[in-house]
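Taking it in order: structure first as structure tokens, then the write-up.
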Amino acid sequence: MYLARVTGRLVATVRYRGLDGVKLSLIQPLDEYGAPDGEQLVACATLSVGPGDLVHFIDGREAALALPDETFVPVDATITGYVEQVYAVGRDISEPPAAARPNGGKR
Amino acid sequence: MFLADVIGTVVSGTVQIPALNGRTLLLVRPLKPDGSPAGKRPRIAIDGIGAGVGDRVLVIDEGNSGRQILGAHDLGMTGPPLKDAPVKTIVVGYVDSIELRGEVVYDPATAAPLS
Chain Z
820 MYLARVTGRL VATVRYRGLD GVKLSLIQPL DEYGAPDGEQ LVACATLSVG PGDLVHFIDG
880 REAALALPDE TFVPVDATIT GYVEQVYAVG RDISEPPAAA RPNGGKR
Chain B
30 MFLADVIGTV VSGTVQIPAL NGRTLLLVRP LKPDGSPAGK RPRIAIDGIG AGVGDRVLVI
90 DEGNSGRQIL GAHDLGMTGP PLKDAPVKTI VVGYVDSIEL RGEVVYDPAT AAPLS
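Shown next as structure tokens:
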């Protein structure tokens, strides 16, 4: 699993069977300083998380297993949990600078 | 499996997939054999051995192996065993020493603190 911040939501009406009702989020993976690392991804979001939230996500085959109903679907990233706090080398990296948050941190 | 330093803890409350309930999540930094950072994105791993921040550990990153471990309960893990659980990154070993090309490159007693 990796650490990421939710940056937005995505709507796709026409999609593969088995994926109906699965919400999609845009997420930005983070490094050990809480800074963006690499490209943003689209991930399935079965939990109630929204833009600005810190989350962890799983990739690969397990991403489909993390869905509640249909688990044989073409999915390669799924949000697995909401992160309340994360420490790295003694630093709390949970809170980004307000300027770095989407919409200034507003939902 | 890969070598990593445990650099932190992840506190995830009740908003998470059920497979993770009751399990400890650790933030780990993948390393090269000589102990320098591998330059990869940090991973969040399920603790399988009671590791803590500062420990150098062995991490498995394969789903079937991970599910076997969680199902077996032989590593003293808490939480329910889960078939087809969406888990794959698990701390499975504590590193006591590393010898690379005839030279001891890691010894927990003399290792430098995390930075």
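Listed in order, the protein sequences are those of chains Z and B. Following this note's numbering, the numbering of the first sequence begins with 820 at its first residue and continues without gaps. Following this note's numbering, the numbering of the second sequence begins with 30 at its first residue and continues without gaps. In this text, a Cβ means the ideal position worked out from N, Cα and C, and glycines have one as well.
query                                                                                                                                                                                         : result
Please tell me whether Leu829 (chain Z) has its Cβ less than 7 Å away from any Cβ of chain B.                                                                                                 : no
Among the candidates B:Lys117, B:Gln97, B:Ser41, B:Glu128, whose CA atom is the shortest distance from the CA of Gly51 (chain B)?                                                             : B:Ser41
Express the C-alpha separation of Ser844 (chain Z) and Ala864 (chain Z) in angstroms, rounding to a whole number.                                                                             : 6 Å
Take Pro893 (chain Z) as the anchor and find which of Z:Val861, Z:Ser913, Z:Gly900 has the nearest alpha-carbon.                                                                              : Z:Val861
Could you give the distance in angstroms between the alpha-carbon of Ile46 (chain B) and the alpha-carbon of Tyr135 (chain B)?                                                                : 36 Å
In the DSSP assignment, the alpha helix (DSSP H) including Ala883 (chain Z) goes from what residue to what residue?                                                                           : 880-884
Mind checking Leu32 (chain B): buried by the 16 CB within 10 Å criterion, or exposed?                                                                                                         : buried
Here's the rule: buried if 16 or more other CB atoms are within 10 angstroms of the residue's CB, otherwise exposed. What is Met30 (chain B)?                                                 : exposed
Starting from the beta carbon of Arg879 (chain Z), find every residue of chain B whose beta carbon is closer than 8 Å, and list them in chain order.                                          : Arg is not the amino acid found at residue 879 (chain Z); the sequence shown has Gly there. Here the neighbours are Gly92, Lys117.
Taking contact to mean at least 3 C-beta pairs separated by less than 8 Å, is the segment 883-902 of chain Z in contact with the segment 828-839 of chain Z?                                  : yes
Ala907 (chain Z) touches chain B at which residues, Cβ-Cβ below 8 Å?                                                                                                                          : Ile36, Gly37, Leu56, Pro71
So, helix, strand or coil for Pro47 (chain B), using DSSP?                                                                                                                                    : helix
According to a CB-to-CB cut-off of less than 8 Å, which residues of the segment 862-875 of chain Z neighbour chain B?                                                                         : Thr865, Leu866, Ser867, Val868, His875
Work out the CA separation of Leu56 (chain B) and Ser144 (chain B) for me, nearest whole Å.                                                                                                   : 14 Å
Who pairs with Gln847 (chain Z) in a beta bridge, going by DSSP?                                                                                                                              : Z:Arg824
Please report the distance separating the alpha-carbon of Ser867 (chain Z) from that of Gly853 (chain Z).                                                                                     : 21 Å
Who pairs with Tyr901 (chain Z) in a beta bridge, going by DSSP?                                                                                                                              : Z:Val874
Could you name the residues of the same chain whose beta carbon sits closer than 8 Å to that of Ile36 (chain B), not counting the 5 residues immediately before and after it, in chain order? : Leu56, Val57, Arg58, Pro71, Val82, Leu143
So the candidates are Z:Ile846, Z:Leu822, Z:Ser913, Z:Gly909; which of them puts its Cα closest to the Cα of Ala74 (chain B)?                                                                 : Z:Leu822
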